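In the working numbering, the protein residues as written are -17 to 455.
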Amino acid sequence: MPEKIDYDAKIPNNVDLAGDRRLQRALEGWQPKFMNWWGEMGPTLATQGVYLRTAISVGREGWAHFDHVNVPDYRWGIFLAERDPDRTIAFGEHRGEPVWQQVPGEYRSELQRLIVIQGDTEPASVEQQKLLGLTAPSLYDLRNLFQVNVEEGRHLWAMVYLLHAYFGREGREEAEGLLLRNSGSPDAPRILGAFNEETADWLAFYMFTYFTDRDGKYQLGTLKESAFDPLSRTCEFMLKEEAHHMFVGTTGVDRVVQRSADLIREHDTTDIAAHGGIPLEIIQRYINFHYTVSLDLFGSETSTNAANYYTAGLKGRWLETRRKDDHKLTDDAALLAKPLADGTWGSEELQAILLLNLDLRAEYIADCQTGVKRWNRILEDAGISFRFALPHPGFNREVGINSGHHVTPDGSIVDEQTWQAAKHQWLPTTEDLSFVRSLMRPVYERGKIASWVAPPRQGINGKPFDYEYVYLP
Ligand SMILES: [Fe+2]
Ligand SMILES: [Fe+2]
């Protein structure tokens, strides 16, 4: 039986908060700071109720409840997936030992660091998206934005719970810090680059939820393997919610491509800007940008930190238990492609354990390809010859072996001048951004939708598209 959550508690949870008065008080002390942060840095649009999904249990069946909720009254809570009493460590030097219910002293600072980095991304995305509610293309989309935002807020709660429950005074200080850093702040920015970029329009929002939330999925997947069981169980539950964020991205881009394809056919021209659609070249440039800043989130291709985390059992590989090897990787080798000074590509053989970031990135890239395939299918079905593509992983990179090199989307290494001269073909230009921004006008009549995006095939939770997903004042 899935455990039911006590909705009358101040902080709904399935971690028996009531049984730990000290922890409960610490979290109740953090809650008003969270609410202040939400008020200042969260969605700016005022509503009178949004049709939201709220987590109510962690079981396989019916873990969420849908209803109109006044957003500031949303019950952010703490939910961990159910504990598997037989779970053992799946990799690294402690492989086969029981997982840890407490933080081992020797790994304390590394685990805290991993949790803070993950935790920092969650509120960052809410900050990046705070203005989008002013220009949503439909009530359905507006509802999805709020859904993603409240769940990122809950993911922050999830990380703050771990910091408070397992990391003492330092953990509580880090929990405060998660509210003090802000996306794009010159003095106290968010830790990772992609989370300091603004999500200025709805095409960027769909791209963000496709590419950047998907990075989140892969990072959570590695933490789900962690020997520190509470972290693993937290991430397992977060992944359930994360799936919806990526659905918003996948189907969002689908719908933009569908609308552009419809306009191209209707007007028999690819120049659809005048007809209120987004030209395919601009969509491609958005893909190039959001995909490459998301690749940077995987860190350097070679990483002794990642190797140490792996050996210690803190962070595993994607689907670790399904891998057919010794789960220690001390004797395995792998190849790293790298740009050479003479403008050609070379490769180096390294210990596989040093290339774990690259391994995770490869899983991510393969997953991203599925979206591109979907979008190309829409074009193919419309009889349009244009095809989207993911750029070469060396393109437009700020992190790792490709940073400082000038790599074109098709993987040629060129000099800086050549790259700069062609850059406008590859990355969104100021004109692209202001054009897309010019299309962003709110459409808040039931059943209506903006000119540049097709309606969804289905509504939320069996409701029709023209359902009143959001009550506006
Ligand atoms: Fe998240
Ligand atoms: Fe997310």
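The beta-carbon is built from N, C-alpha and C at its ideal position, and this holds for glycine as well. If you're wondering where the values come from, they're calculated on a predicted model, not measured in any experiment.
Of the listed residues Ala28, Glu43, Val81, Ile71, nearest to Asp55 (C-alpha basis)
Ala28
Helix, strand or coil at Trp300 [DSSP, three-state]:
coil
According to DSSP, is Arg69 helix, strand or coil?
coil
Just to check, is the beta-carbon of Val130 closer than 8 angstroms to a non-hydrogen atom of ligand 2?
yes
Quick one: is the Cβ of Gly234 within less than 8 angstroms of any heavy atom of ligand 2?
no
Tell whether a beta-carbon distance below 9 angstroms holds between Phe219 and Ala315.
no
Please classify Asp307 as buried or exposed, where buried requires at least 16 other C-beta atoms within 10 Å of its C-beta.
exposed
Of the listed residues Asn131, Asp102, Ile97, nearest to Val108 (C-alpha basis)
Asn131
Can the beta-carbon of Ala294 be found closer than 9 angstroms to that of Glu10?
no
Three-state class that DSSP yields for Gln30 in the structure shown:
coil
According to DSSP, is Asn164 part of a helix, a strand, or is it coil?
coil
According to DSSP, is Ser318 helix, strand or coil?
The sequence given here has Leu at residue 318, not Ser. Reduced to three states, the DSSP call for Leu318 is strand.
Nearest by alpha-carbon distance to Gln440: which of Glu413, Leu93, Thr233 is it?
Thr233
Could you check what DSSP says for Met(-17) in three-state terms: helix, strand or coil?
In this prediction, Met(-17) has a pLDDT of 42, which is less than 50 and means its spatial position is unreliable; what the coordinates show is noted afterwards. Coil, per DSSP.
Could you tell me whether any non-hydrogen atom of ligand 1 is closer than 8 angstroms to the CB of Glu224?
yes
To the nearest angstrom, report how far apart Arg172 and Ile360 are at their CA atoms.
36 angstroms
Using the Cβ count rule (16 or more neighbours within 10 Å means buried), how would you classify Asn178?
buried
Straight-line CA distance for Tyr291 to Leu336?
11 angstroms
For ligand 1, is there a heavy atom less than 8 angstroms away from the beta-carbon of Met220?
yes
I'd like the ranges of any alpha helix (DSSP H) spanning at least 4 consecutive residues and lying wholly in the segment -6 to 41.
3 to 23
Beta-carbon spacing of Asn339, Thr284 below 9 angstroms:
yes
Indicate, with yes or no, if ligand 2 has a heavy atom lying under 8 angstroms from the CB of Glu134.
yes
Would you mind sorting Gly198 into buried or exposed? The rule is 16 or more other CB atoms within 10 Å of its CB.
buried
Leaving out the 5 sequence neighbours to the left and right, which residues in its chain are closer than 7 angstroms to Ala8 when beta-carbon positions are compared?
His146, Arg154
Please confirm whether Tyr143 and Val(-3) have their CB atoms less than 9 angstroms apart.
yes
Reduced DSSP category for Gln333 - H, G, I as helix; E, B as strand; rest coil:
strand
Can you tell which of Gln333, Tyr188, Ile60, Trp82 has its C-alpha closest to the C-alpha of Arg69?
Trp82
Of the listed residues Gly41, Trp45, Gly259, nearest to Trp434 (C-alpha basis):
Gly259
Cα separation between Ser367 and Ala140?
46 angstroms
The alpha helix (DSSP H) spanning Phe417 covers which residue range?
412 to 421
What number of angstroms, rounded off, separates the C-alpha of Lys430 from the C-alpha of Val235?
18 angstroms
Is the segment 90 to 105 in contact with the segment 157 to 175, if contact means three or more CB pairs nearer than 8 angstroms?
yes
If you check the beta carbons only, do His137 and Phe190 fall under 9 angstroms apart?
no
Own chain partners of Tyr33 with C-beta closer than 6 angstroms, once the 5 adjacent residues on each side are dropped:
His50, Arg125, Tyr451
Suppose the cutoff is 8 angstroms on Cβ atoms and the five residues either side in sequence are ignored; what does the same chain contact list for Met17 look like?
Pro54
Are the Cβ atoms of Tyr449 and Leu121 separated by less than 9 angstroms?
yes
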